[in-house]
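Student:
Number of protein chains: 2
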Amino acid sequence: MSATIHDVARSAGVSIKTVSRVLNGESNVAAPTAALVHAAIAALDYHPNLAARSLRTGASDTIGVIVDSLSDPFFAKLISVFEDRATAHGMDILVASTGADEERARMQVTRMVRRNVNGLLIAPFGPSLTALPEPGVVPTVLIDRHTEGSAYDEVIVDDEAAAYTAVSHLIAHGHQRIGFVGESLRFSTVHHRLLGYRRALDDNAVTLTPEYVHTACWDSDTATKLTKAMLKLDEPPTAIFASTPVTGVGVLSGMRAVGRADVALVVFGDFPLSTVIEPAVTVVDQVPVDLANTAMDRLLARLGGDTSPPTSTVVATQFLIRGSGELPPTDRPMSPR
Amino acid sequence: MSATIHDVARSAGVSIKTVSRVLNGESNVAAPTAALVHAAIAALDYHPNLAARSLRTGASDTIGVIVDSLSDPFFAKLISVFEDRATAHGMDILVASTGADEERARMQVTRMVRRNVNGLLIAPFGPSLTALPEPGVVPTVLIDRHTEGSAYDEVIVDDEAAAYTAVSHLIAHGHQRIGFVGESLRFSTVHHRLLGYRRALDDNAVTLTPEYVHTACWDSDTATKLTKAMLKLDEPPTAIFASTPVTGVGVLSGMRAVGRADVALVVFGDFPLSTVIEPAVTVVDQVPVDLANTAMDRLLARLGGDTSPPTSTVVATQFLIRGSGELPPTDRPMSPR
DNA sequence: CTGAAAGCGCTTACAG
DNA sequence: CTGAAAGCGCTTACAG
Numbered sequence: 000m001s002a003t004i005h006d007v008a009r010s011a012g013v014s015i016k017t018v019s020r021v022l023n024g025e026s027n028v029a030a031p032t033a034a035l036v037h038a039a040i041a042a043l044d045y046h047p048n049l050a051a052r053s054l055r056t057g058a059s060d061t062i063g064v065i066v067d068s069l070s071d072p073f074f075a076k077l078i079s080v081f082e083d084r085a086t087a088h089g090m091d092i093l094v095a096s097t098g099a100d101e102e103r104a105r106m107q108v109t110r111m112v113r114r115n116v117n118g119l120l121i122a123p124f125g126p127s128l129t130a131l132p133e134p135g136v137v138p139t140v141l142i143d144r145h146t147e148g149s150a151y152d153e154v155i156v157d158d159e160a161a162a163y164t165a166v167s168h169l170i171a172h173g174h175q176r177i178g179f180v181g182e183s184l185r186f187s188t189v190h191h192r193l194l195g196y197r198r199a200l201d202d203n204a205v206t207l208t209p210e211y212v213h214t215a216c217w218d219s220d221t222a223t224k225l226t227k228a229m230l231k232l233d234e235p236p237t238a239i240f241a242s243t244p245v246t247g248v249g250v251l252s253g254m255r256a257v258g259r260a261d262v263a264l265v266v267f268g269d270f271p272l273s274t275v276i277e278p279a280v281t282v283v284d285q286v287p288v289d290l291a292n293t294a295m296d297r298l299l300a301r302l303g304g305d306t307s308p309p310t311s312t313v314v315a316t317q318f319l320i321r322g323s324g325e326l327p328p329t330d331r332p333m334s335p336r
Numbered sequence: 000m001s002a003t004i005h006d007v008a009r010s011a012g013v014s015i016k017t018v019s020r021v022l023n024g025e026s027n028v029a030a031p032t033a034a035l036v037h038a039a040i041a042a043l044d045y046h047p048n049l050a051a052r053s054l055r056t057g058a059s060d061t062i063g064v065i066v067d068s069l070s071d072p073f074f075a076k077l078i079s080v081f082e083d084r085a086t087a088h089g090m091d092i093l094v095a096s097t098g099a100d101e102e103r104a105r106m107q108v109t110r111m112v113r114r115n116v117n118g119l120l121i122a123p124f125g126p127s128l129t130a131l132p133e134p135g136v137v138p139t140v141l142i143d144r145h146t147e148g149s150a151y152d153e154v155i156v157d158d159e160a161a162a163y164t165a166v167s168h169l170i171a172h173g174h175q176r177i178g179f180v181g182e183s184l185r186f187s188t189v190h191h192r193l194l195g196y197r198r199a200l201d202d203n204a205v206t207l208t209p210e211y212v213h214t215a216c217w218d219s220d221t222a223t224k225l226t227k228a229m230l231k232l233d234e235p236p237t238a239i240f241a242s243t244p245v246t247g248v249g250v251l252s253g254m255r256a257v258g259r260a261d262v263a264l265v266v267f268g269d270f271p272l273s274t275v276i277e278p279a280v281t282v283v284d285q286v287p288v289d290l291a292n293t294a295m296d297r298l299l300a301r302l303g304g305d306t307s308p309p310t311s312t313v314v315a316t317q318f319l320i321r322g323s324g325e326l327p328p329t330d331r332p333m334s335p336r
């Protein structure tokens, strides 16, 4: 039903090879011939069959994106930027989630490779390399999280330095008892944020209190529970550093549940409503748009034939001071239980 | 480099047709033969070439999703559910955004069709049918918004009824001056939410005040600006109904900017932090998970050969009363300007 | 500058 | 229950 290259060739009175040349912008076609072909293409509303092209060339004009979750606002923002950029280059994007499950991540990579994606953008997790494509199979750029020993370009932020800044900021505002509410240390980002937290304490001669450090807050609800527990300690923290927006929301919820809006808070990662909450939430903004654009730049360079050694690009974060991180420490006595 | 069906056939000592039969689960293969083929497939780590299959069959085991924006939390949630379901059926999803631009929407549909997607899930906008695939080209299900005269299944919510409930709730709590902050009426959803708003006023003998009705809040910032302006009227509204989470966030921001946390608020659509804000925000929850699953059910039915006439499925919403919609009207005098 | 032939890796009739 | 042939719609050498 749809016109094929043969129809165009017949209509233009040339061979299919010439049509193919015009289609692929090859230079060696006489101008009048090219015009004839263009006219035929327009007249027949011809569009090349992508599956046929893909079968022949092994590519697909498609970019695969693999992240933990498609509904997480951070990843959703990355995807949004990837799609804009891909569309501008005539490519489509295929998305897949891993749920931070290694088995599923492996499967998603395999599926993408089988789909002949031109390139892959992956938010890796855990130290394992098995959930990444084998080197040489498909150009790949890793985003947000570092994987030791990978053969790929990566685009990350300096999590440790940003966390260091954030926690130092809390200490500078008089806080000595600072909670750390983090997701799993399986994520290199959370691991480095914890390192930054510890270094800030060390450099300011603040003793680390194990009861204040939580590294298994899988979701908002867990963060809420742990926050409530922390704030009920005999010596509760006067400030909390949340390692991600998801845990940050949980912390806010926990603070609210025990009626403690006076606890200082800094969240790693900006989120909608952060400026509407009272007090507005001080955050480390990872600037996901920059992260995504930089990663896409790398991938496009690789697709363009760049074969230089893998690079590690560190995108700048922004520390946005809004109020919640500047609350003075209160030492209101708490009921013992 | 990768094994082909010929390699498997040779290794198993059968013809490629027999391998193809096994691959596609056709019944008429002798058990011992099938076992031989399976062994060869496993030994060679064979995976069928998807492009070749797609070229031959005209399908691609792929579902296309087209929405306004990939980073909007509502659409991101829908996509997340679509991906889960698609993965469970061995299909991948291709995503594209329209930016609510008809030209771009048309282009995205064309691209998806050219990619031979098995099915399409589209959040349409505006009355135009030109941004939808021509009937018969590809099974399509429309989500969230109604398009008059389309030939496709649709899965929507009863926007008018839900808005009616929300606004009636405000009136029942003593409010007579109720603002409507909406995005464009191009969206059938917003249009119907406005109808529900008007009907609730009518049924309760509340006069509609044109200054309270805004239907061009493209983004949060516009909603903020209009909210601030409304609250500075000589007779400001005592309650506001926001037609979407995006405008709702803008309204909250505007209320905060003029120091009016005492204005009642109901938002159409739940959003993260709605329970953490003080007071917690009363919302009409569209239950995006239900919407997405129902749409996917319809699409899978169509892919399974269902050729019955197009259906319109209305998914139930939930009215979540949390505090912000129950604030009593205050009649604090405002400065005249 | 242009074209005829071959073939990418599958599935679809068709035959036995 | 099994197979040989044809062909989906392109691009890739190769020839002229």
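As they're listed, the protein sequences go chains E and U. Using numbering that gives the first Met the number 0, read the first sequence as starting at 0 and increasing by one per residue. Using numbering that gives the first Met the number 0, read the second sequence as starting at 0 and increasing by one per residue. Glycine included, C-beta positions come from ideal geometry on N, C-alpha and C.
#1: Return the CA-CA distance between U/Leu-184 and E/Arg-297, expressed in angstroms with no decimal places.
#2: I'd like the list of long-range same chain contacts for E/Leu-272, defined as Cβ closer than 8 Å, with 5 residues on each side in sequence excluded.
#3: With a cut-off of 8 Å on the beta carbons, I'd call U/Val-166 and U/Ala-199 a contact; round off their distance for me.
#4: Take every Cβ of the stretch 232 to 251 of chain U, pair it with every Cβ of the stretch 28 to 45 of chain U, and state whether three or more of those distances are shorter than 8 Å.
#5: Can you tell me whether E/Ile-320 is helix, strand or coil according to DSSP?
#6: For the stretch 132 to 149 of chain E and the stretch 73 to 93 of chain U, state whether three or more C-beta atom pairs, one from each stretch, are separated by less than 8 Å.
#7: Between which two residues does the beta strand (DSSP E) harbouring U/Val-313 extend?
#8: Can you say whether U/Thr-310 is buried or exposed, counting buried as having 16 or more other CB atoms within 10 angstroms of its CB?
#9: Any beta-carbon of chain E closer than 8 Å to the one on U/Lys-76?
#10: Sort U/Gly-118, U/Ala-122, U/Pro-123 by Cα distance to U/Gly-135 and report the nearest one.
#11: Does the beta-carbon distance from E/Asp-152 to E/Leu-141 come in below 8 Å?
#12: Taking only runs of the beta strand (DSSP E) that begin and end inside the stretch 235 to 267 of chain E, which ones reach a length of at least 3 residues, in chain order?
#13: Is it true that the stretch 307 to 325 of chain U meets the stretch 92 to 100 of chain U, where meeting means three or more beta-carbon pairs spaced less than 8 Å apart?
#14: At least one CB of chain U closer than 8 Å to the CB of E/Leu-251: is that the case?
#15: Taking only beta-carbon positions, decide if U/Val-248 is within less than 8 Å of chain E.
#16: Jot down the residue ranges of each uninterrupted alpha helix (DSSP H) in the stretch 163 to 217 of chain E, minimum 4 residues, whole runs only, in chain order.
#17: Taking E/Pro-209 as the query, report the chain U residues whose CB atoms sit under 8 Å from its CB, ordered along the chain.
#18: What is the residue span of the beta strand (DSSP E) that U/Ser-96 lies within?
#19: Sorted by chain position, which residues of the same chain lie with C-beta nearer than 6 Å to U/Gly-249's C-beta, five sequence neighbours on each side aside?
#20: According to the neighbour-count rule (16 or more other Cβ atoms, all chains shown, within 10 Å of its Cβ), is E/Ala-215 buried or exposed?
#21: Kindly indicate the opening and closing residues of the beta strand (DSSP E) around U/Ile-142.
#22: Report yes or no: do the stretch 253 to 270 of chain E and the stretch 283 to 298 of chain E share at least 3 C-beta pairs separated by less than 8 Å?
#23: Short of 7 Å Cβ to Cβ, which residues in the stretch 91 to 112 of chain E face chain U?
#24: Alpha carbons only, please: which of E/Arg-55, E/Leu-264, E/His-191 is nearest the one belonging to E/Ala-160?
#25: Using a Cβ distance threshold of 8 Å, determine whether the stretch 255 to 266 of chain E contacts the stretch 165 to 179 of chain E, with at least three qualifying pairs required.
#26: Could you tell me which of U/Tyr-211, U/Met-90, U/Thr-139 sits nearest to U/Glu-234, measuring between CA atoms?
#27: Please determine, among U/Thr-139, U/Ala-228, U/Pro-132, U/Glu-25, the residue with the shortest C-alpha to C-alpha distance to U/Phe-179.
#28: With 8 Å set as the bound, which would you pick, yes or no: does the beta-carbon of U/Leu-326 sit closer than that to a beta-carbon of chain E?
#29: Using a Cβ-Cβ cut-off of 7 Å (strictly less than) and excluding sequence neighbours within five positions of E/Ala-58, which residues of its own chain qualify?
#30: Excluding the five sequence neighbours on either side, which residues of its own chain have a C-beta within less than 6 Å of the C-beta of E/Pro-328, listed in chain order?
#31: Using a Cβ-Cβ cut-off of 8 Å, state whether U/His-5 counts as contacting chain E.
#32: Is there at least one Cβ from chain U nearer than 8 Å to E/His-46's Cβ?
#33: With a threshold of 16 other CB atoms inside 10 Å of the CB of E/Gly-195, please say whether the residue is buried or exposed.
#34: Quick check on E/Val-166 - is its C-beta less than 8 Å from some C-beta in chain U?
#35: Following the continuous alpha helix (DSSP H) through E/Thr-32, name the residue where it begins and the one where it ends.
#36: What would DSSP say about E/Thr-281, mapped onto helix, strand or coil?
Tutor: Once the coordinates are examined:
#1: 41 Å
#2: Cβ contact annotation for E/Leu-272 (same chain, cutoff 8 Å, sequence separation greater than five): none.
#3: 4 Å
#4: no
#5: When secondary structure is reduced to three states using DSSP, E/Ile-320 falls in the coil class, being assigned neither helix nor strand.
#6: They do not touch, by the three-pair rule.
#7: Segment 311 to 314, the beta strand (DSSP E) holding U/Val-313.
#8: exposed
#9: yes
#10: Comparing Cα-Cα distances from U/Gly-135 to each of U/Gly-118, U/Ala-122, U/Pro-123, the minimum goes to U/Gly-118.
#11: It is a contact, given that the beta carbons lie within the stated cut-off.
#12: 238 to 241, 263 to 267
#13: no
#14: yes
#15: yes
#16: 187 to 202
#17: In chain order: nothing, as chain U lies at least about 28 Å away.
#18: It spans 91 to 96 - the beta strand (DSSP E) in which U/Ser-96 sits, taken as one unbroken run.
#19: Ser-219, Ala-222, Thr-223
#20: exposed
#21: 139 to 142
#22: yes
#23: Asp-91, Ile-92, Leu-93, Val-94, Ala-95, Ser-96, Arg-110
#24: With distances taken between Cα atoms, E/Ala-160 lies closest to E/His-191.
#25: Yes: at least three Cβ pairs fall under 8 Å.
#26: Of the listed residues, the one whose Cα sits closest to U/Glu-234 is U/Tyr-211.
#27: U/Ala-228
#28: no
#29: Asn-115, Asn-117
#30: Gly-173, His-174, Thr-237
#31: For U/His-5, the answer is no, since every Cβ of chain E falls outside 8 Å of its Cβ.
#32: So, interface residue.
#33: buried
#34: no
#35: 30 to 43
#36: strand
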